[in-house]
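Working notes, structure below.
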Amino acid sequence: MNSATEVVRDAEGKPLAYYEEESREGVRWAEDLCPAEGAPLAAVAERVVVDLAGWGTTTQALLGRALAERGARVEREFDTYTHALSGSSKPPGPVRLPEKLAPFAAEAVDPQALRAAYRAAYPPGHPDHGMSTFDDLQRLMNGTLMGPLLPTSTVLIDTERDTAVAAVLAHDCPGAPPLEGPWISEVFRDPEPAYRGIGALLLRHVLWLSAEAGLPALGLSVTAGNPAARRYEGMGFVRTEQWADLFIH
Numbered sequence: 014m015n016s017a018t019e020v021v022r023d024a025e026g027k028p029l030a031y032y033e034e035e036s037r038e039g040v041r042w043a044e045d046l047c048p049a050e051g052a053p054l055a056a057v058a059e060r061v062v063v064d065l066a067g068w069g070t071t072t073q074a075l076l077g078r079a080l081a082e083r084g085a086r087v088e089r090e091f092d093t094y095t096h097a098l099s100g101s102s103k104p105p106g107p108v109r110l111p112e113k114l115a116p117f118a119a120e121a122v123d124p125q126a127l128r129a130a131y132r133a134a135y136p137p138g139h140p141d142h143g144m145s146t147f148d149d150l151q152r153l154m155n156g157t158l159m160g161p162l163l164p165t166s167t168v169l170i171d172t173e174r175d176t177a178v179a180a181v182l183a184h185d186c187p188g189a190p191p192l193e194g195p196w197i198s199e200v201f202r203d204p205e206p207a208y209r210g211i212g213a214l215l216l217r218h219v220l221w222l223s224a225e226a227g228l229p230a231l232g233l234s235v236t237a238g239n240p241a242a243r244r245y246e247g248m249g250f251v252r253t254e255q256w257a258d259l260f261i262h
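Following this line, the structure appears as structure tokens:
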């Protein structure tokens with residue numbers, strides 16, 4: 014992320030919004046586009062669609078809707094969640110995993126071993142189908158996409174089949190909870206019926222490891238319409254904000 018905050022200004026030079034300039038697949042991107050304090054939302058949207066024409070942006074849902082009303086194309090709507098670990102009145106406890114499923118530190122696993130499970134986990138019709146590629150998974154695992162993997166990141170191996178069947182990847186991201194800091198990028202499993210429920214078990218396992226490691230919290234994002242949100246809420250994750258990714262024409 015660019016350390017310098019960029020500014021959208023009105024005709025008089027007063028700040029209307031702030032963002033961090035990034036690039037996604039060759040497209041200039043206004044990350045965390047946020048209205049300046051007291052700036053009218055309509056005025057912000059009117060200026061953004063002019064000054065950032067041809068860009069993509071990630072912004073909170075209210076500004077996203079105002080941009081969409083002015084012709085921006087919504088690519089994804091999603092919610093962010095946080096799970097407090099340090100100081101929690103109900104800290105995560107250890108989880109008993111099925112005997113044939115052995116946990117391994119994700120940093121010690123070749124991403125190729127997860128290719129089949131990763132592809133099967135997001136079939137056509139899944140809310141996240143097409144959102145990420147195997148190359149993205151490789152970059153997540155080598156730390157170049159979201160920062161280094163935390164040691165609590167875990168892959169489950171079916172020892173009877175010698176096959177990787179599930180993973181939870183967490184990263185040492187900068188910033189502080191609840192909207193930044195340690196962050197889960199992936200929670201997925203092989204969709205075979207034999208592995209039903211292990212995604213949730215593995216996530217609980219990683220939450221416990223993270224609490225034992227002294228992490229203050231773990232965040233994650235969930236695409237709108239993904240039923241997994243209810244499961245995360247049942248584990249103690251709390252929604253923090255609604256967001257949208259958009260392309261500005």
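Convert by adding 13 to the 1-based position in the sequence shown; the result is the number in the working numbering.
Backbone N, C-alpha and C define an ideal beta-carbon position, used for all residues, glycine too.
Who does residue i pair with in a DSSP beta bridge?
i, result
"Tyr31", "Val20, Cys47"
"Gln125", "According to DSSP, which records beta bridges pairwise, Gln125 is partnered with nothing at all."
"Gly232", "Thr95, Trp196"
"Thr176", "Asp171"
"Glu254", "Thr93"
"Ala118", "Thr167"
"Thr70", "Ala43, Leu259"
"Val181", "Thr167, Val200"
For my contact list, residue i and residue j are in at a C-beta cut-off of 8 angstroms; report their separation, rounded to the angstrom.
i, j, result
"Tyr131", "Phe117", "At roughly 16 angstroms, the Cβ-Cβ gap does not stay under 8 angstroms, so Tyr131 and Phe117 are not in contact."
"Ser223", "Ala179", "Incorrect: roughly 17 angstroms between the Cβ atoms, too far for contact."
"Pro140", "Gly238", "5 angstroms"
Can the beta-carbon of residue i be found less than 8 angstroms from the beta-carbon of residue j?
i, j, result
"Ala66", "Phe260", "no"
"Val181", "Phe91", "no"
"Leu231", "His96", "yes"
"Cys186", "Gly160", "yes"
"Leu127", "Ala177", "yes"
"Ser166", "Glu225", "no"
"Gly328", "Trp221", "Because the chain here runs from 14 to 262, residue 328 falls outside it and cannot be looked at."
"Lys13", "Gly249", "This structure cannot settle anything about residue 13, because the visible part of the chain is limited to 14 through 262."
"Leu228", "Leu98", "yes"
"Leu75", "Val57", "no"
"Ala115", "Thr172", "yes"
"Leu163", "Pro195", "yes"
Using a Cβ-Cβ cut-off of 7 angstroms (strictly less than) and excluding sequence neighbours within five positions of residue i, which residues of its own chain qualify?
i, result
"Ser16", "Residue placement at Ser16 is poorly supported in this model, since its pLDDT is 45, which falls under 50; the coordinates are not used for a value here."
"Met14", "Residue confidence is low: Met14 scores 37 on pLDDT, short of 50, so the model does not pin down where it sits. Its coordinate-derived value is still stated next. Answer for Met14: Glu33, Glu35, Glu44, listed in chain order."
"Arg22", "Pro28, Leu29"
What residues in its chain sit with their C-beta under 8 angstroms from that of residue i, if we drop five residues either side in the sequence?
i, result
"Glu59", "Arg83"
Please list, in chain order, all residues of the same chain as residue i whose beta carbon is under 6 angstroms from its beta carbon, the five residues on each side excluded.
i, result
"Val122", "Val168"
"Met154", "Pro124"
"Val40", "Gly69"
"Asp258", "Thr71, Glu88, Arg89"
Quiz item: So, do the segment 39-53 and the segment 23-30 have three or more beta carbon pairs nearer to each other than 8 angstroms?
Solution: They touch, by the three-pair rule.
Quiz item: Quick one: any contact between the segment 234-254 and the segment 203-222, if contact means 3 or more CB pairs under 8 angstroms?
Solution: Short answer: they touch.
Quiz item: Is there contact between the segment 196-207 and the segment 62-77, where contact requires at least three CB pairs shorter than 8 angstroms?
Solution: Two segments are said to touch when three or more pairs of C-beta atoms, one from each, lie closer than 8 angstroms; by this definition the segment 196-207 does not touch the segment 62-77.
Quiz item: With a cut-off of 8 angstroms, do at least 3 Cβ pairs link the segment 120-137 to the segment 88-103?
Solution: With a cut-off of 8 angstroms, the segment 88-103 and the segment 120-137 do not count as touching, because too few Cβ pairs lie within range.
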